[in-house]
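These notes are about the structure you will find just below.
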Amino acid sequence: MVPDDAPPAPAAPRPRGGPLDTDALLREAADAALAYAASVDGRRVAPDADAVAALTAFDAPLSDAGTDAADTLRLLRDVGGPATVASTGPRYFGFVTGGTQPAALGAAWLAAAWDQNAALPVMSPVAARLHDVVRGWLVDLLGMPDGTAVAFVTGATVANATGLAAARDALLARAGWDAQADGLFGAPAIDVVVGERAHSTLSKSLGLVGLGRSRVTVVPADDQGRMRAELLPELLPERAGPGPVLVCAQAGEVNTGAFDPFDRLADWVAARGGWLHVDGAFGLWAMADPTRRDLVRGLERADSWATDAHKWLNVTYDSGIAFVREPADLRRTFAAVAGYLPSDVGFEAMHHTPQSSQRARQVEVWSVLRTLGRRGIADLVQRACDAAVLIADRLRAGGLEVLNDVVLNQVLVRCDDGPTTQALVAAVQADGRIWVGPTSWDGAAAMRISVSSWKTDLDDAAFAAEVILGCANRVRATR
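In terms of the UniProt record's numbering, the sequence shown is residues 1 to 479.
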């Protein structure tokens, strides 16, 4: 017990960066962000060795007393900023990473200040309303069936997992099995079909939802990476009665940009009463471009689709989108029930996505769609594809081998042989003026060039080809 005459306990110190510092702190941070955004186009794309070495400044023990918030942000600005990869600029061509639309960046700042939990309409009326608006816009823009549900998640990996989990539970429900109540032990087997060139994140998603990375039927691909649908009856023949079958197709093979034959796949799946899922991390946006209708014919016949908004739409990371034809299939899998949760009116994100609490990703997507409009989105796709064609033409004319039909935004290149190509990729990355990545194609190394930024124009494409050819000449001279 504290004696009556004991002196009062000292007041707790005001947290550093508290209310009195907020305005100046955030203005300084905003100024630093604006300075970075204004300078990024002229920066070296990959950070130099000195900038990376300077990151050791972060290697300090956690202090007892804390540090002034302004000092913390200045350290982040002065040491972190120079060590970033300038992927938001016009000359980054790796990993299908887009830049950031100004409308998306501004919306991200506002949304971060709002700090809305988009789980339920009662938690954020603005997030709920924007979700409904964006859902309608996306379904219309991409030509999907009316009523298709849209769920915002972290990226295409989780978007794939979301669609695959919904597919798993819907197929098992048709077979009389409640996967959410009874799990997968003893459940009817689902035949999962993937293409030979399916992306690694699809395999990861299959493992995540319990369908297995290796327990799949793999359909051979053609020379562009497209699934050979004519081989399906041989690989998975008809049975006495229709059983659960899940076919995973691809819109935009990650090396070539090729599209699977969706109409033929949809016909085969429909005859078996199955489910067709499409991994369209970046290629799904080709549906917004009227000049690429031939590539996407039949894609709207799928049951679920996955894509990224942080790729071709160029919002900030992380922003994935899952589409499922029947909203009830999402709710069957992801509904969460608790006594304190209110009965809501409107789309309840937490009951249709893997996560409960979630940031309002739809704010940025809405801002870009509203700013660009239908024609602007189509132009975004067309300009990137035109730049990819220019790069391919210049590299081919310069003596490099272009391995793919450049139908989208991907260029697959080889310089003489695998080892020379590996040396070329290393030389381009060390040069630093642009950035491209390595890949493997037909058992040998290749270079992959992905045009995904809204900033990349034909001049940037010509510059990229010039850098690559210059590096190729130097590499060849040393071999």
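Even for Gly, the Cβ is constructed at its ideal location relative to N, Cα and C.
As far as DSSP is concerned, C415 takes part in no beta bridge. If only complete runs of 4 or more residues are kept, the segment 31–63 shows the alpha helix (DSSP H) at 49–53, in order along the chain. F262 places its beta carbon 8 angstroms or farther from that of A309. Put simply, the segment 385–403 touches the segment 464–476. At least three CB pairs are less than 8 angstroms apart. Note on geometry: alpha-carbon atoms of A328 and T154 lie some 21 angstroms from one another. Setting aside the 5 residues that flank it on each side, L231 is surrounded in the same chain by V219 and P220, each with a C-beta closer than 7 angstroms to its C-beta; the list follows chain order. Measuring C-alpha to C-alpha distances from G94 to each of A472, V451 and D460 identifies V451 as the nearest. Taking 8 angstroms as the upper bound for CB-CB distance, G186 and H277 are not in contact here, some 24 angstroms apart.
Counting every other CB atom within 10 Å of its CB across the protein chains shown gives A119 a total of 16 or more, marking it as buried.
By the neighbour-count criterion, in which 16 or more other beta carbons inside 10 Å mark a residue as buried, W268 falls on the buried side. Across the set D459, R331, S356 and A349, the C-alpha of R331 shows the shortest separation from the C-alpha of D169. DSSP links E401 through a beta bridge to R414. CA-to-CA, the gap between R226 and G273 works out to about 23 angstroms. Distances from the alpha-carbon of V475 to those of Q429, R361 and L408 put Q429 closest. Ranked by Cα distance from V122, the options D146, P419, G346 and T56 are led by G346. When C-beta atoms of the segment 355–364 are compared with those of the segment 288–301, fewer than three pairs fall below 8 angstroms, so the two segments do not count as touching. The C-beta of F152 has 16 or more other C-beta atoms within 10 Å across all chains shown, which makes the residue buried. Apart from sequence neighbours up to five positions away, the residues of its chain that approach Y317 with a beta-carbon distance below 6 angstroms are H310, ordered along the chain. With respect to F323, S304 sits close: the two C-beta atoms are nearer than 8 angstroms.
Ranked by how close their Cα comes to the Cα of P145, the residues T307, E326, A86 and S205 have E326 in first place. Separation of the CB atoms of Q116 and A198 is rounded to 35 angstroms, and the pair is thereby denied contact status at 8 angstroms. About 6 angstroms separates the beta carbons of A70 and L25, which is inside the 8 angstroms limit, making them a contact pair. Contact check for G183 against D260 fails: the beta carbons are separated by 8 angstroms or more. Per DSSP, R433 is not a residue of any beta strand (DSSP E), being assigned neither H nor E.
Within the segment 170–244, the runs of beta strand (DSSP E) at least 3 residues long that lie entirely inside it are, in chain order, 191–195 and 217–219. Taking C-alpha positions only, D68 is separated from L75 by approximately 11 angstroms. Within the same chain, A288 and D289 come within 6 angstroms of A378 by CB-CB distance, once the 5 residues on both sides are set aside. Segment contact: the segment 444–458 against the segment 90–107, three or more CB-CB distances shorter than 8 angstroms; contact assigned.
When D460, W285, H352 and V247 are compared, the shortest CA-CA separation from L206 is found for V247.
In the three-state scheme derived from DSSP, where H, G and I count as helix and E and B as strand, W305 is classed as strand. Annotation for F334: the continuous alpha helix (DSSP H) segment containing it runs P327 to F334. Non-local C-beta neighbours of L202 in its own chain, meaning closer than 7 angstroms and more than five positions away in sequence, comprise N160, V194, C248 and D279, ordered along the chain. Restricting attention to L369, V407 and T371, the CA atom closest to the CA of A384 is found in V407.
In terms of Cα proximity to V96, the closest of A445, Q422, A464 and G437 is G437. About 5 angstroms separates the beta carbons of L236 and T217, which is inside the 8 angstroms limit, making them a contact pair. Leaving aside the five residues that flank T421 on each side, the residues in its chain whose CB is nearer than 7 angstroms to its CB run, in chain order, R414, C415, A445, A446 and M447.
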